[in-house]
Every structure is written in C-alpha cells, then in structure tokens.
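Quick note on numbering: the sequence shown equals residues 1 to 365 in my numbering.
Using N, Cα and C, we set each Cβ at its ideal position, and we do this for glycine too.
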Amino acid sequence: MLDSLPEVWNIETLVQLGLLGLAATLALLGSFSITRWPQLNYSPFISPQVTEVYQQVVKPYDGLLRLVISLFIADLLLLLISHNGELRLIEIPLGLTVAITGSWLGNRLFKQFFDVYLLDAAIKSGRQLNSELLILSKFIANSLIVVIAIIVFAQTHQINILGLVASLGIGGLAVAFAAQKTLEQLLGGIVIYLDRPFVADDYIGLPDGTFGRVESIGLRSTKIRTSGKGTLVVVPNSSLTQVSIENFTGAKKVMALIYLNFYQPISSEDRAFIKQVIMESSTDIFGIDTQSTEVSFRDLVGKNELVKTQAQIIFFILGSGEVSMDLRRQLLYMASQNITQKLEEYGIKFHIEEPTIYVDSPITI
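Dropping the structure here:
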C-alpha cells in the first residue's frame with residue numbers, strides 16, 4: 001500500500017506533516033491557554049512548601065506560562081522538520097517570539113519571587129540591608145535571563161554567537177586604537193546614562209568648585225550652567241566618571257508616618273520597651289536615617305471614656321531614585337511586620353493604622 005503512494009508522499013513527508021499538524025495544534029491550544037486550560041491539582045503529590053511557592057510566584061502568571069510552554073513545544077517540533085524550505089519562514093519568527101516571551105516571563109517570575117521571598121529573607125537575616133545591592137542583584141538576574149534566552153535562540157538556529165562576538169571584538173580593538181580619546185568620552189557618556197549620577201536640570205557640584213545646573217548630557221560632554229556667573233561649562237564625560245559629584249537635587253528624603261493604636265493604656269515602662277523594639281527593627285535597613293527616627297505616645301479617649309494609647313512613628317527614608325525609594329518602602333513595610341510580631345510575642349495588642357503616610361521632606365543644602 002505504501003508503494004502506491006506518490007513519491008512526494010513518502011513516510012518522511014507524512015511524519016513531517018504530522019509533526020507540523022501537532023505543532024499547529026499546540027500553538028492553537030497555547031493561544032487559548034489563559035482561559036481554556038483546566039486547573040490541575042497536584043497537591044497530593046507536592047509538598048506544602050512547593051505549593052505555597054507556586055501559589056505566590058507562578059499562579060499569577062499561570063496562563064502565560066502554559067502559553068510559553070505550548071509555543072516552545074510547537075517551535076521544537078518545527079525545528080525537527082524545518083531543516084530548510086518554507087517552514088523556516090514560520091519557525092524563525094515563532095522561535096523569536098518564544099525567546100522574547102520566555103525571557104519576559106522569566107523576569108516577571110523572578111520579580112515575584114524577589115518581592116515575596118528574597119526581601120523577607122533579607123529582613124529576617126538580621127544583617128544590614130543595602131537596597132542598592134539588592135537592586136543590582138535584581139538587575140544582574142534579569143540580564144542573565146535575557147542573555148540565556150539569546151544564547152539558546154542562537155544555538156538552536158546555528159548562529160555562532162561566540163564567533164560573532166569574537167569578530168566584533170577584533171574589529172573593535174582596531175577602532176579603539178584609532179580613536180582612543182573619543183571612545184573614552186563616549187564610554188563615559190554611556191556610563192553616565194546607565195548610572196545616572198545626575199540628570200538634566202539637576203544642581204551639581206564638582207571638586208574644582210564648579211556649581212550649577214545641568215543643561216544637557218551628550219555622548220561626549222555635559223554642559224553645566226554655573227550659578228551666579230551664568231556661564232556655560234562644558235565638561236568631558238570621561239572626566240565626570242573619575243571625580244566625586246555632589247548632587248543637590250537628586251537627594252531625596254521621605255518622611256514615613258506609622259500609627260500604632262493600642263487597645264489599652266501603655267505604662268511608661270512598656271513605652272520604653274516599645275520604643276526600643278521599634279528602633280532595633282529599623283537599624284539594619286540601609287537607607288533609613290535611624291538617628292532621625294522619632295517615636296511619640298499620646299493617650300486618646302474613645303467611646304465610653306475608655307483611654308487608649310497611640311504611638312506615632314516617624315521614619316526618614318533616604319534615596320536617590322524612584323526604584324531605590326520604592327524598594328526601601330517595601331523594606332520598611334516588612335520592618336513594620338517584624339515590629340508587630342515582636343510586640344505580639346510579649347502580649348502587647350495593637351493594630352497598625354492603614355495606610356502608611358509618606359511626605360516629601362526637603363533636604364537642607
């Protein structure tokens with residue numbers, strides 16, 4: 001019977017068509033995975049810890065994860081049958097889509113794991129927390145996910161990425177020797193754009209006495225309008241990356257107000273103990289000005305003339321950017337949870353008034 005089939009419809013062709021149909025089916029199922037796939041319950045076979053991690057980290061992106069898996073299997077099947085020909089025109093865009101979507105999903109999953117578990121573990125470790133180091137670790141992990149996706153895509157499509165990088169490196173060396181000073185200034189501009197020690201309209205001071213407003217940041221130089229004289233100073237970016245820069249605008253100080261409402265009057269001894277717990281809970285958070293932390297108590301008369309005590313806590317959060325400030329707010333929130341846990345262990349009942357109030361506090365120049 002197989003001998004009666006046309007030559008073009010041989011066994012290999014039929015297998016390829018079957019795999020192509022399976023790939024199309026998986027891609028179609030993946031496109032409807034967010035709402036159509038059944039919710040499977042593996043709890044009898046998985047430990048509670050793994051189940052909790054799944055619920056906290058993976059569950060919010062469950063539909064997207066299934067979509068990526070379906071598209072990945074479909075792309076893998078296409079790779080097996082699309083050695084050449086028109087199927088390559090379908091497989092390459094699909095593979096690129098899988099790489100981009102997969103890396104984005106990986107970044108989202110890591111962010112969820114970072115926010116839910118790593119920050120809490122850092123708080124409970126009892127060591128001083130450097131929020132800038134946490135941000136750097138987060139950036140490195142996200143970059144590593146993207147690099148892995150690029151390498152996997154290149155290797156599966158016979159792209160010699162290592163050879164490409166090496167050839168670019170040899171050509172780059174020749175250009176570097178020819179324009180060393182210019183490249184040094186250009187790299188300085190890139191460093192300033194990435195590190196962002198200042199932005200346009202910031203007031204900065206340099207070690208040579210230059211003080212003024214940043215008018216523009218170019219690839220080779222930065223223009224500063226000096227205060228008083230009003231002259232324009234052009235500074236090479238390579239010089240700015242090697243000196244200490246005092247940024248008067250970028251410094252931020254936010255006052256966080258937290259209210260603890262106790263269910264009964266608090267004695268002076270308990271007030272001293274509560275203040276000690278609060279101060280110790282915020283000492284290890286880098287970016288909290290612990291010397292400016294204030295704790296005050298007052299008695300409130302409620303219904304039926306019942307006297308209750310309220311504690312007002314003022315934290316001062318120092319930061320240099322929105323990402324840093326947001327992360328330190330998260331750390332402060334976890335510190336407040338530790339305060340709650342420690343006080344409840346000693347039988348002190350209260351609740352934290354929501355929400356926490358944040359007020360911008362100017363820094364005196």
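Check this for me: beta carbons of LEU257 and GLN312, under 8 Å apart or not?
For this step, residue 257 is matched to residue 257 along the sequence shown. For this step, residue 312 is matched to residue 312 along the sequence shown. Closer than 8 Å, so yes.
DSSP three-state assignment for PRO236, whether helix, strand or coil
Walking along the sequence shown from the start, residue 236 turns up at place 236. In the structure shown, PRO236 sits in a strand (DSSP, three-state: E or B).
Between the Cα of LEU105 and the Cα atoms of ILE81, ILE140 and ILE69, which residue gives the shortest distance?
One-based indexing of the sequence shown puts residue 105 at position 105. Of the candidates ILE81, ILE140 and ILE69, the one whose C-alpha sits nearest the C-alpha of LEU105 is ILE69.
Hey, is VAL50 close to the ligand ZN, as in C-beta under 7 Å from one of its heavy atoms?
In terms of ligand content, the structure shown is empty, and the ligand ZN therefore cannot be addressed.
Starting from VAL295, follow the beta strand (DSSP E) in both directions and report where the run begins and ends.
Here residue 295 refers to the residue found at position 295 of the sequence shown. The continuous beta strand (DSSP E) containing VAL295 extends over residues 294 to 301.
Just to confirm before moving on: does the CB-CB distance between THR249 and TYR193 stay below 8 Å?
If you number the sequence shown from 1, residue 249 lands on position 249. If you number the sequence shown from 1, residue 193 lands on position 193. With contacts defined as CB atoms closer than 8 Å, THR249 and TYR193 fail to qualify as a contacting pair.
What span of residues does the beta strand (DSSP E) with PHE248 cover, start to end?
On the sequence shown, residue 248 is found 248 positions in, with the first residue counted as 1. Here PHE248 belongs to no beta strand (DSSP E), and DSSP marks it neither H nor E.
What is the residue span of the beta strand (DSSP E) that PHE350 lies within?
For the purposes of this step, residue 350 is taken as residue 350 along the sequence shown, with counting starting at 1. PHE350 -> beta strand (DSSP E) spans 350 to 352.
Identify every residue that forms a DSSP beta bridge with GLY106.
Here residue 106 refers to the residue found at position 106 of the sequence shown. Answer is none; GLY106 lacks a bridge partner.
Selection from THR101, ILE224 and SER268 that minimises the alpha carbon distance to PHE297
Working through the sequence shown from its first residue, we reach residue 297 at position 297. Just measuring C-alpha positions, the residue of THR101, ILE224 and SER268 sitting nearest PHE297 is SER268.
Name the two residues that bound the continuous beta strand (DSSP E) containing GLY63.
Translated into positions along the sequence shown, residue 63 becomes position 63. That residue, GLY63, is in no beta strand (DSSP E); its alpha helix (DSSP H) goes 62 to 81.
Under three-state DSSP, which class holds VAL243?
Position 243 of the sequence shown, counted from the first residue, corresponds to residue 243. Three-state DSSP puts VAL243 in coil, outside helix and strand.
Could you tell me the boundaries of the alpha helix (DSSP H) in which ILE278 lies?
Here residue 278 refers to the residue found at position 278 of the sequence shown. Run containing ILE278: 268 to 283, per the alpha helix (DSSP H) assignment.
Do ILE224 and VAL233 have their C-beta atoms within less than 8 Å of each other?
The residue labelled residue 224 in the question sits at position 224 within the sequence shown. The residue labelled residue 233 in the question sits at position 233 within the sequence shown. Yes, Cβ-Cβ distance for ILE224 and VAL233 is below 8 Å.
Pull up the distance between the alpha-carbon of GLU353 and that of LEU260, whole angstroms please.
Residue numbering aside, residue 353 sits at position 353 when the sequence shown is read from its first letter. Residue numbering aside, residue 260 sits at position 260 when the sequence shown is read from its first letter. Cα to Cα, the separation comes out at about 6 Å.
Collapsed DSSP secondary structure at GLY188 in the structure displayed:
Your numbering for residue 188 matches position 188 in the sequence shown. DSSP places GLY188 in the helix class (H, G or I) of the three-state scheme.
Contact under 8 Å by Cβ, ALA141 with GLY102
Working through the sequence shown from its first residue, we reach residue 141 at position 141. Working through the sequence shown from its first residue, we reach residue 102 at position 102. No, Cβ-Cβ distance for ALA141 and GLY102 is not below 8 Å.
Could you give the distance in angstroms between the alpha-carbon of PHE341 and the alpha-carbon of ILE348?
On the sequence shown, residue 341 is found 341 positions in, with the first residue counted as 1. On the sequence shown, residue 348 is found 348 positions in, with the first residue counted as 1. One detail in the question is off: residue 341 reads as Gln in this sequence, not Phe. Using only the alpha carbons, I get a separation of about 10 Å.
What residues are listed by DSSP as bridge partners for THR226?
Here residue 226 refers to the residue found at position 226 when the sequence shown is read from its first residue. Note: THR226 sits in a beta bridge opposite GLY212.
Mind checking which residues open and close the alpha helix (DSSP H) that includes GLU52?
Against the sequence shown, residue 52 aligns to sequence position 52. Taken as a continuous stretch (DSSP letters only), the alpha helix (DSSP H) holding GLU52 covers 48 to 53.
Report the three-state DSSP secondary structure of GLN367 (helix, strand or coil).
This structure leaves residue 367 out entirely; the chain is present only between 1 and 365.
Run through DSSP, which three-state label would ILE288 get?
Along the sequence shown, one-based indexing puts residue 288 at 288. Residue state, collapsed to three classes: strand.
Starting from GLY347, follow the beta strand (DSSP E) in both directions and report where the run begins and ends.
Taking the sequence shown and counting its residues from 1, the one referred to as residue 347 is at position 347. Counting along the chain, GLY347 falls outside any beta strand (DSSP E), and DSSP gives it neither H nor E.
Hey, quick one: how far does the beta strand (DSSP E) through ILE204 stretch, first residue to last?
Numbered from 1 along the sequence shown, position 204 holds the residue referred to as residue 204. Run containing ILE204: 203 to 205, per the beta strand (DSSP E) assignment.
Option in MET255, GLU294 and ARG220 with minimal Cα separation from GLY189
Locating residue 189 in the sequence shown gives position 189, where the first residue counts as 1. That would be ARG220, whose Cα lies nearest to the Cα of GLY189.
Whole-number beta carbon distance between LEU343 and VAL277, since they are thought to touch under 8 Å
Locating residue 277 in the sequence shown gives position 277, counting from the first residue. Locating residue 343 in the sequence shown gives position 343, counting from the first residue. Rounded, the Cβ-Cβ distance is 6 Å, consistent with contact.
Secondary structure of TYR117, DSSP reduced to three states
Walking along the sequence shown from the start, residue 117 turns up at place 117. Here TYR117 sits in helix by DSSP.
Beta-carbon separation (whole angstroms), VAL235 vs THR226, contact threshold 8 Å
Your numbering for residue 235 matches position 235 in the sequence shown. Your numbering for residue 226 matches position 226 in the sequence shown. Not really, about 11 Å apart at Cβ, beyond 8 Å.
Here's the rule: buried if 16 or more other CB atoms are within 10 angstroms of the residue's CB, otherwise exposed. What is ASP299?
The residue given as residue 299 occupies position 299 in the sequence shown. Burial check for ASP299: the Cβ neighbour count within 10 Å stays below 16, so the residue is exposed.
Own chain partners of ILE92 with C-beta closer than 8 Å, once the 5 adjacent residues on each side are dropped:
If you number the sequence shown from 1, residue 92 lands on position 92. So the qualifying residues of the chain are HIS157.
Mapping DSSP to helix, strand and coil, what is ILE314?
In the sequence shown, the residue the question calls residue 314 occupies position 314. Of the three classes helix, strand and coil, the one that applies to ILE314 here is strand, per DSSP.
What separation, rounded to the nearest whole angstrom, lies between the Cα atoms of THR309 and ILE266?
Taking the first residue of the sequence shown as 1, we reach residue 309 at position 309. Taking the first residue of the sequence shown as 1, we reach residue 266 at position 266. Each residue's CA atom was taken as its position, placing THR309 and ILE266 some 6 Å apart.
Quick check on this structure: which residue in ALA335, TYR263 and ASP201 has the alpha carbon closest to the alpha carbon of VAL301?
Taking the sequence shown and counting its residues from 1, the one referred to as residue 301 is at position 301. Put simply, of ALA335, TYR263 and ASP201 the residue whose alpha carbon is nearest the alpha carbon of VAL301 is TYR263.
State the Cα-Cα distance for the pair GLU345 and ASP270, rounded to the nearest angstrom.
Position 345 of the sequence shown holds residue 345. Position 270 of the sequence shown holds residue 270. Rounded to the nearest angstrom, the two C-alpha atoms are 14 Å apart.
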